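Residue numbers (the working numbering): 1 to 463.
Note that CB positions come from ideal geometry on N, CA and C, so glycine has one too.
Quick caveat, the model's predicted, so the values are computed rather than measured.
Working notes for the structure below.
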Ligand code: UD1
Ligand code: CA
């Protein structure tokens, strides 16, 4: 068991470069807010406490995962001001004696392994401060690391603005990733003494002060460029999304999922997929979607907050907040909407929309239907173009079909309505009243034939 440590996440930056009304750390990578990625990495590394620095009223505190403490940055600008805002929270509960790990809320792909490596280096070197660095990224805009002749870290200089920097300085490739381990007490003492640069207090300003006091500053170098990526603008957000996709899809693949065209597939962070499932090209899995084992999804299926159980097939379809049972076949071109359950072995076919309905085991809705607010009993078969009229312009009503019901093609079912077990409806019927068990409900004009019609048309045209 490693010694306890506190994690402080700086998440109160203005994020100007995002050009957005949404705080930067609430932008999402693989469907998960940037700040939540940092929280998850902190917890996976074993953090005892996680404190996030937020701006009063920016909405970030409200969305934080349970158990994360928020500290408000009420005054001052810059990363140094952010850390100072969390002083009381960090030093409370004996935090003074434990190291504090400082994370930037805009480095979503930081891994628990990197944090563990950082802390191990910090302890082994007996350092006062240890920073995570890499030389594997384009260094433009990042703080660069200057080492002395012994290889120890001397200082960091910023390159957000490049005026006044020499070509030699700009050639430095080792960058500061904004992830640090500090001795907590020394950190806050030094921060009080950091001088403002253009009204900003830089966290990196503590390093020269620590050096002056004879403290060791260590660096932990990472070669994992994906995990090191920082998000300052939308280009950075795209780069992080791509890296997150590579990582997530690779993890699923390692646990037994086949991706036929991984570069065209998008899988969000909250998705689970069972083994031997095959994901076809253009497939998008979002939110809390759970896919079982041995399923086939795609090509071009979108599932959002959906459940797809073992052995189901979903081709070229959209499943939104619906539950697809074991062995069910969906699509191509079906749309399953929230509140829908399709039970074991059922089929929802081509150009079919189902909303807030329960499709029983083994039932079939094969072609061109709208089924809304409806219960379809086990083994029923709805003819092509069966449509439920669930809305009378003011209220929605429910349609109930029993077991083994067979509707003819072009049946309109005007709710509220109950069709008993084993009942039939005639093709082209507009059913407005209940149909008893085992009966045939038929509601359409009787056919009449007009004899000799074609001859009369021809005669008329010759006049
Ligand atoms: C910072 C580092 C830079 C490093 C880079 C890594 C400083 C001065 N520079 O630069 O050396 O290479 O991160 O990505 O620290 N934040 C606050 N309150 C503020 C300002 C920022 O909470 O007042 C938060 C932001 O939300 C963000 C993090 O601190 O999560 C970093 O801020 P940002 O402005 O992006 O710093 P960089 O210019 O990228
Ligand atoms: Ca940044």
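Asked                                                                                                              : Found
Residue 179, buried or exposed, once every other Cβ within 10 Å from all chains shown has been counted against 16  : buried
DSSP state of residue 266 mapped onto helix, strand, coil                                                          : strand
Contact set for residue 162: own chain, Cβ-Cβ below 7 Å, skip 5 residues either direction                          : 170
Contact set for residue 243: own chain, Cβ-Cβ below 7 Å, skip 5 residues either direction                          : 109, 226 and 229
Sub-7 Å separation of residue 128 and residue 183 beta-carbons                                                     : yes
Beta-carbon proximity check, residue 341 vs residue 354, cutoff 7 Å                                                : no
Contact test: residue 81 Cβ vs ligand 1 heavy atom, cutoff 6 Å                                                     : yes
Beta bridge counterpart(s) of residue 216 as assigned by DSSP                                                      : Paired residue(s): none; residue 216 is not in a bridge.
Residue 297 vs residue 319 beta-carbon contact at 7 Å                                                              : no
Cβ neighbour criterion (16 or more within 10 Å) applied to residue 433                                             : exposed
Endpoints, alpha helix (DSSP H) assigned at residue 170                                                            : 167-170
Alpha carbon of residue 14 to alpha carbon of residue 23, nearest angstrom                                         : 7 Å
Test item: CB-CB of residue 11 and residue 51 under 7 Å                                                            : no
Three or more C-beta pairs below 8 Å linking the segment 196-212 and the segment 259-273                           : no
Best match in 295, 281 and 260 for proximity to residue 273 [C-alpha to C-alpha]                                   : 295
Cβ-based neighbour list, residue 74, same chain, cut-off 8 Å, excluding 5 preceding and 5 following                : 56 and 85
Environment of ligand 2 in chain order, Cβ to heavy atom below 5 Å                                                 : 106, 230 and 232
Outcome for residue 238 when other beta-carbon atoms lying within 10 angstroms are tallied against a minimum of 16 : exposed
Run of the alpha helix (DSSP H) containing residue 80, from where it starts to where it stops                      : 79-85
Residue 160 Cβ short of 6 Å to ligand 1 heavy atom set                                                             : yes
Nearest residue (CA-CA) to residue 370, options 409, 421, 378 and 362                                              : 409
Cβ neighbour criterion (16 or more within 10 Å) applied to residue 396                                             : exposed
Counted within 10 angstroms of its Cβ, other Cβ atoms place residue 166 as buried (16 or more) or exposed          : exposed
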